[in-house]
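In my numbering, the protein residues as written are 1 to 633.
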């Protein structure tokens, strides 16, 4: 199995054996030791956390028990008859004595003071302490602990600062003093618990930590909001980052002023985990020592294994440099290296025999290649001459092909002209036939028009007769109107109306005469025009007959010309067909020559490839001869 990272180091066999053996020995040892180290480290850390948890729980239990006991004591003291009597009778002598005895018996209290409900100090364990509260009635009455005591509760909010009266941080354990007869609140009894006494509580835990060489061990009490109420180091700040901590919380199972407080045990990780760090160094040193011993042993083992291989390598290098196959490696081991040496000797013997055969074969191959080269050169010369002749023939065939194509194009042009002439001749015959038919129709129409003009002349003459008759009637009407006018004049007034009618009739008669004269003049003009039209029609008919005769003569000539064109068309088609057949034959000849040229080119390419292969064979033969001659057998 190859490892890319180790292969990239370019180590020799001895170095790789040393490295592999060292790794095979160190990896299991390292994994086992590392597992033990991690397990031990986990156990030590678990022990440290458990120890801190136990100390935090112990501190919680001690402080909780002390607070519960002190609160119970204060509540029982507040029920003492002498203390109530001092509030009722304002005679504090006996109360002072009681408080003094209690303070001497419970020296954890800094002082005991009895206040009225208005905040005035009436009794204390020491008169000096009572005097210290004189004039502080309002301050006492407004204090947090006093108001909490009036409600029957305890508070620890004053622990964060030093009490100005006692000159130290104190826990104000204040309980109300009640009248047993009616339950009325008489005052408040204050027992100032010296908060410094917590240091006495934790001395045993600190001593145990010092015995374990854990000088950084610290106990701390924090309020529910996280405010530090007590630290075993006093004013010394705790600035160790990532400290090992364990925390216990005071629950409300036992009601006391410390409900919700956090009791914390802390230690410096560098100190409590020092055994773990020491074990790490021990593990590292042991691993390095074992690695060094394994490396030395692996190096000696690799040297023993590779020494015969090095000798075999020297023999191989000598054979490669000098070509002397008579060399034999001296390896006397009977392991795999010895078998490798024997196989190498067998390979050298076979190589000597192969080299001898190769030398003889290269000589035969050289002679064969020389004969093949001469034959290829002769064949190339013959094919070159044939290719030149074929090239000349192909050029001639190309010229004939061009001439034939030109003749075919000209025959095609003549065929197109003849076809056009034939089409024109046929068109002329059709046009003449249509013209003759048109002339015949026109002649018939002219004859019919002559008949119609004659009939029109007759009708015009009839109209002229009618016009003369109308004119005669108009003249007679004029005469009658004139006679009527004369008779009207003779009749006088009675004939005046008749005279007007006669006058109108005369006027109409004159107009009729005038119109009749105009109609007669027009009929005369029409008659003259009709006569001229008849004359022109007769002349046109004569000319039409002459033109029709000429058209018939031209039609006969065009039909004869069309027959000649058709005969020429047939001849031209035959010529074009012959030229096309000739062109097709020439094209086949040219195609055959082109195929022969392609075959000749392919033959030339093949011959050149043969010559190239022959040259390569000659080079190979020379190289084989050079290789074979480089070995001495």
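Cβ atoms here follow ideal geometry from the backbone N, Cα and C, with glycine treated the same way. In this text, all values refer to a predicted model and were calculated from it rather than measured experimentally.
- Query: Apart from the five residues on each side of it in sequence, which residues of its chain come closer than 8 Å, Cβ to Cβ, to residue 287?
  - Reply: 26, 29, 30 and 33
- Where does residue 526 fall in DSSP's three states? Of the three classes helix, strand and coil, the one that applies to residue 526 here is helix, per DSSP.
- Message: Runs of 4 residues minimum, wholly inside the region 178 to 241: which ones carry the alpha helix (DSSP H) assignment?
- Response: 198 to 201 and 203 to 211
- Item | For residue 37, the nearest candidate out of 112, 88 and 276 (CA to CA) | 276
- What does residue 479 pair with, by DSSP beta-bridge criteria? Paired residues: none, contrary to the question.
- Message: Is the beta carbon of residue 108 closer than 9 Å to that of residue 72?
- Response: For the pair residue 72 and residue 108, the CB atoms are not nearer than the 9 Å cut-off.
- Could you name the residues of the same chain whose beta carbon sits closer than 6 Å to that of residue 69, not counting the 5 residues immediately before and after it, in chain order? none
- Message: Please list the terminal residues of the continuous alpha helix (DSSP H) segment that includes residue 493.
- Response: Element bounds for residue 493: n/a, residue is neither H nor E.
- Since residue 247 and residue 264 are thought to touch, with beta carbons under 8 Å apart, how far apart are those beta carbons, to the nearest angstrom? 5 Å
- Message: According to DSSP, is residue 264 part of a helix, a strand, or is it coil?
- Response: strand
- Relative to the alpha-carbon of residue 212, which residue among 47, 525, 198 and 613 has its alpha-carbon at the smallest distance? 47
- Task: For residue 170, name the three-state secondary structure that DSSP assigns.
- Result: strand
- CB residue 110 to CB residue 170, shorter than 9 Å? yes
- Item | Distance between beta carbons of residue 149 and residue 174, contact taken as under 8 Å | Right, the Cβ-Cβ distance comes to about 3 Å (below 8 Å), so this counts as a contact.
- Message: Can you look up residue 1 in the DSSP assignment and give me helix, strand or coil?
- Response: For residue 1, the predicted model reports a pLDDT of 48, less than 50, meaning its position is unreliable and no value from the coordinates is stated.
- How close, in whole Å, do the beta carbons of residue 160 and residue 172 come, if the pair is a contact with beta carbons under 8 Å? 12 Å between Cβ atoms; not a contact.
- Message: Going by C-alpha to C-alpha distance, which of 585, 168, 506 and 91 sits closest to residue 195?
- Response: 168
- Closest to residue 233 by CA distance: which of 199, 261, 244 and 243 is it? 199
- Assign residue 257 to one of three DSSP states: helix, strand, or coil. coil
- Query: Terminal residues of the continuous alpha helix (DSSP H) containing residue 243?
  - Reply: Where residue 243 is concerned, there is no enclosing alpha helix (DSSP H), given that its DSSP letter is neither H nor E.
- Just curious, the beta strand (DSSP E) that residue 146 is in, first and last residue? Looking at the DSSP string, residue 146 is not in any beta strand (DSSP E); the run it does join, the alpha helix (DSSP H), is 144 to 150.
- Item | Spatial neighbours of residue 347 in its chain, beta-carbon cut-off 8 Å, leaving aside the 5 residues before and after | none
- Query: Whose C-beta lies closer than 7 Å to the C-beta of residue 471 among residues of the same chain, with five residues either side of it excluded?
  - Reply: 513 and 516
- Indicate the three-state DSSP secondary structure (helix, strand or coil) for residue 28 in the structure shown. helix
- Query: Are the beta-carbon atoms of residue 185 and residue 117 separated by less than 9 Å?
  - Reply: yes
- Close Cβ partners of residue 266 (< 6 Å) along its chain, the five nearest in sequence each way excluded: 218, 243 and 245
- Under a Cβ-count criterion, where at least 16 other Cβ atoms within 10 Å of its own Cβ denotes burial, should residue 636 be classed as buried or exposed? Given a span of 1 to 633 for the chain in the structure shown, any question on residue 636 remains unanswerable.
- Query: residue 1 to residue 23, Cα distance in whole Å?
  - Reply: Any reading at residue 1 must be qualified, since the residue scores a pLDDT of 48, below 50, and its modelled position is unreliable; no value is offered.
- Taking 9 Å as the cut-off, decide whether the C-beta atoms of residue 96 and residue 76 are in contact. no
- Item | residue 89, enclosing alpha helix (DSSP H) - first and last residue | Under the DSSP assignment, residue 89 falls in the alpha helix (DSSP H) whose first and last residues are 81 to 89.
- Query: Can you list, in chain order, the residues of its chain whose CB lies under 6 Å from that of residue 133, leaving out five sequence neighbours each side?
  - Reply: If you ignore the 5 residues before and after residue 133, its C-beta comes within less than 6 Å of the C-beta of 121, all in its own chain and listed in chain order.
- Assigned secondary structure, residue 165 (DSSP; H/G/I helix, E/B strand, else coil): coil
- Count the other CB atoms within 10 Å of the CB of residue 536; is the residue buried (16 or more) or exposed (fewer)? exposed
- List the endpoints of the continuous alpha helix (DSSP H) containing residue 102. 93 to 105
- Item | Where residue 154 falls: helix, strand or coil (DSSP) | coil
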